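Worksheet: the structure to be examined is printed underneath.
Here you go:
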C-alpha cells in the first residue's frame with residue numbers, strides 16, 4: 001500500500017544481469033547493482049525459492065531503486081506491502097506481460113500513484129493457497145472444512161512489544177485472521193439466540209454461506225492449477241452473518257447424537273463411558289456414521305444404494321413449508337422423502353431421509369452437489385460430497 005505522492009513516470013527495469021545469484025529474484029541485489037538506481041524494479045519469485053516481499057523491497061532499496069513490482073508464483077496469495085515504500089504485487093501472468101513490455105520497449109516507464117479505495121466495486125474472491133483443505137482422513141464422513149472467512153490482507157493491530165513491528169497496525173494473513181471473524185459471528189449469533197446449541201449455531205453458519213462471492217462471481221481456489229472452489233475448499237461457503245442470523249431451519253444435535261457417532265466409529269462401551277465419565281451403552285443396532293445430524297452430507301465410499309437420515313428444526317415463522325431442491329453430484333442419483341416439510345406451532349421438528357445411489361461403473365473421485373430447503377424466503381443449503389467405490393471382486 002503506497003500513500004506517498006504520485007511519482008510521475010519512472011524508468012522500469014528488470015534484473016537480467018548474469019552475475020546475480022538468483023536470476024530474476026531481487027533478494028540478491030546490492031548497492032553495487034547501480035543499474036537499479038532511480039528505477040522501479042520488476043522481480044519474480046520462483047517455485048523453488050519463494051521470496052518474501054519484505055526481503056525483496058529491502059534489497060532493491062539498498063540498490064537505490066525507487067519502487068518494486070513483484071510477480072508471485074501462481075500458488076501464492078497476493079499480499080500488500082507492509083510499509084510506505086512504493087510496491088505492488090501481481091500474478092505471474094501479469095508479471096510476464098510487464099516483462100514483455102520491458103524487453104520490447106526502448107525506454108520502458110512506469111508510474112506509481114497513491115493507493116485509492118473504491119467502494120462498491122467487486123473484487124475477485126479466492127481461497128488462499130495456505131487454507132486447509134478436505135477431505136478429512138480422520139473422519140471421512142464429516143465434511144471439512146466447515147466454513148471459509150476473510151483471512152488474507154486483514155488490517156490488524158500489532159503488539160507494541162513486537163520487535164519487528166514498524167507501526168501500530170499491519171496487514172496480516174492466515175487462519176489467525178479468519179478465525180476471529182467466525183468467532184465474532186458465533187458470539188453475535190449466541191447473543192441473538194441464547195437458546196441455540198453449538199450445533200445449531202454451526203448449522204446456521206454453514207447452511208447460509210455464500211457459494212459465490214457477494215457480487216455473484218464464482219469463487220476460485222488458489223493452487224496449481226487454479227480451479228473452481230468446492231466444499232473441500234470452503235465447506236458450506238463464505239460466512240454470511242446477515243443470513244446466519246435468520247437461517248429458517250437448523251440441524252441440531254445434543255450429547256446423545258455425538259455418543260451414537262462414537263458408537264458408529266467403533267468405540268466400545270468402556271471407552272465411551274470413560275470419556276463421558278458415566279456408564280454408557282451403544283444401541284444394539286450399530287448406528288451409521290452417515291446419520292450424524294450435520295448440515296452437510298459426505299459419503300466417502302458409496303458401494304451400494306444408501307439411505308441416511310437428517311432432522312431439521314424450524315427457527316423461523318411457526319407456520320411455514322419448505323420444499324427440497326436437489327442438485328445431485330455428477331453420476332449420482334438422490335431422492336429426498338418427504339420433499340415438502342410443513343411446520344406449525346406444535347410441530348417444529350421434522351426428519352427426512354435421503355436415498356443415494358451411483359450410476360458410475362468404476363471407482364471415482366469426489367463429486368459435489370447440494371440439497372437446499374426453501375420456503376421462498378430462506379434457503380437452507382447443505383453441501384453434498386460423494387465418492388463412488390466399486391468393490392474389487394476376487
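Residue numbers (the UniProt record's numbering): 1 to 394. Glycine residues also receive a C-beta, built at the ideal position from the N, C-alpha and C atoms. Since the structure is predicted, the reported quantities are computational estimates derived from the model, not experimental observations.
Rounded to a whole number of angstroms, what is the C-alpha to C-alpha distance between residue i and residue j?
i           : j           : result
residue 264 : residue 182 : 30 Å
residue 390 : residue 362 : 6 Å
residue 345 : residue 132 : 42 Å
residue 377 : residue 297 : 23 Å
residue 323 : residue 135 : 29 Å
residue 125 : residue 245 : 23 Å
residue 340 : residue 278 : 40 Å
residue 398 : residue 293 : What the structure shows of the chain is the stretch from 1 to 394, and residue 398 is not part of that stretch, so it cannot be assessed.
residue 282 : residue 208 : 34 Å
residue 229 : residue 206 : 15 Å
residue 13  : residue 212 : 39 Å
residue 8   : residue 113 : 8 Å
residue 45  : residue 92  : 9 Å
residue 15  : residue 180 : 41 Å
residue 32  : residue 57  : 16 Å
residue 162 : residue 272 : 45 Å
residue 49  : residue 375 : Reliability of the predicted coordinates at residue 49 is poor, the pLDDT of 42 falling under 50, and no value is obtained from them.
residue 88  : residue 11  : 16 Å
residue 280 : residue 173 : 44 Å
residue 104 : residue 61  : 26 Å
residue 159 : residue 262 : 42 Å
From the DSSP output, read off the bridge partner residues of residue i.
i           : result
residue 13  : 41
residue 31  : Answer is none; residue 31 lacks a bridge partner.
residue 350 : 312
residue 154 : 172
residue 89  : 70
residue 388 : 302
residue 110 : 10
residue 337 : 353
residue 373 : 324, 380
Confirm, please, whether the CB-CB distance from residue j to residue i is below 8 Å.
i           : j           : result
residue 384 : residue 295 : no
residue 254 : residue 197 : yes
residue 373 : residue 312 : yes
residue 154 : residue 171 : yes
residue 27  : residue 59  : yes
residue 147 : residue 235 : yes
residue 327 : residue 358 : no
residue 247 : residue 315 : yes
residue 99  : residue 86  : no
residue 251 : residue 320 : no
residue 220 : residue 226 : yes
residue 40  : residue 110 : yes
Using a 10 Å radius around the Cβ and a threshold of 16 neighbouring Cβ atoms, would you call residue i buried or exposed?
i           : result
residue 274 : exposed
residue 194 : exposed
residue 381 : buried
residue 387 : buried
residue 95  : buried
residue 200 : buried
residue 138 : exposed
Would you say residue i lies against chain D (beta-carbon separation less than 8 Å)?
i           : result
residue 149 : Going by chain labels, chain D is absent from the structure shown, which holds only one protein chain.
* Would you check if there are 3 or more beta carbon pairs closer than 8 Å linking the stretch 157 to 175 to the stretch 256 to 271? => The answer is no - the stretch 256 to 271 does not touch the stretch 157 to 175, with fewer than three Cβ pairs under 8 Å.
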